[in-house]
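Written out below as structure tokens is the structure these notes cover.
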Amino acid sequence: MKRKLSTAVSLIGDPSVILLDEPSAGLDPGARRHLWDVLSSVRSGGRTLILTSHSMEECEALCTRVAIMVNGRMKCLGTTQHLKSRFGQGFTLSVKMGITQDDQLAPSEPLVAYVQSHFPSAKCFDSDQGYAHIQVPDPKTLMSDMFRALENAKDALNVQDYSVHQTSLEQVFLYFTSVQQQQH
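In the UniProt record's numbering, the protein residues as written are 1 to 184.
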């Protein structure tokens, strides 16, 4: 309740610049979404929001520019899309396996082998209960090539559904923190 009240007080008087520290921390999902909608409309009205946050989801929802700081030093600055393109590690492929003729989940191993044969840098980082998540870190990999390869093998490998995701802002942040840890 205090956080919502503090945010509301910061908007009184129509300030041109609003400073917020973790504005949605501790809020339930409904209240968080409502707060983000309010802050987005405030930003659209021409006011500047400067916020600190550990939530990359919040940053993607509210920020037009993001600075990532590690140990008090700014490591990068740009739009979320720029940061994902520049520092991201390729794509993540999420696959839901289908059901075989004997009512069993189709194994994901043949799918992983197929993806690795087309994209040698691919690594399966999670495979459980009919789902497989494969990271394709090569930045030269085209999303269209991934879709084409999966569509060509969808029936043969018993793939029920799949999606290809760009690296998230969270993964970019984790990249910077891991680089920092390696340097110390």
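Backbone N, C-alpha and C define an ideal beta-carbon position, used for all residues, glycine too. All figures in this text were calculated on a predicted structure; none of them were measured in a lab.
- [ ] Assign R3 to one of three DSSP states: helix, strand, or coil.
- [x] helix
Task: Contact under 8 Å by Cβ, residue 185 with P15 - done: Here the chain covers residues 1 to 184 and nothing more, so residue 185 does not appear.
Open item on the list: Excluding the 5 residues flanking L77 on each side, which residues of the same chain have their C-beta closer than 6 Å to its C-beta?
Closed with: A67
Open item on the list: Does K75 come out as helix, strand or coil in the three-state DSSP assignment?
Closed with: strand
- [ ] Enumerate, from N- to C-terminal direction, the unbroken alpha helix (DSSP H) stretches of 4 or more residues contained entirely within the UniProt domain "ABCA1-4-like C-terminal R2 regulatory" (88-166).
- [x] 109-118, 143-153
Task: Residues near Q89 by beta carbon distance below 8 Å, same chain, minus five either side - done: Q135, P137, P139, T167, Q171, Y175
Task: 8 Å CB neighbourhood of Q74 in its chain, flanking five on each side removed - done: Here the sequence assigns Met to residue 74, which means Gln is not the residue at that position. Excluding residues within five positions, the ones whose Cβ falls inside 8 Å are A67, I68.
Open item on the list: Between the alpha carbons of L49 and L19, how many angstroms are there, rounded?
Closed with: 6 Å
Open item on the list: For the alpha helix (DSSP H) containing L20, name the first residue and the last one.
Closed with: L20 -> not in any alpha helix (DSSP H); beta strand (DSSP E) instead, spanning 17-21.
Task: Cα-Cα separation, L105 to S6 - done: 50 Å
Open item on the list: Which same chain residues end up closer than 7 Å to residue 185 when comparing Cβ atoms and leaving out the 5 residues on each side of it in sequence?
Closed with: Beyond the ends of the chain as shown, which are 1 and 184, falls residue 185; an answer cannot be given.
Open item on the list: Taking a contact to mean a Cβ-Cβ separation below 8 Å, would you say M146 touches L93 in this structure?
Closed with: yes
- [ ] Please report how far the alpha carbon of S32 lies from the alpha carbon of K154, in whole angstroms.
- [x] Correcting the residue type first, residue 32 is Arg in the shown sequence and not Ser. Their backbone Cα atoms lie some 38 Å apart in a straight line.
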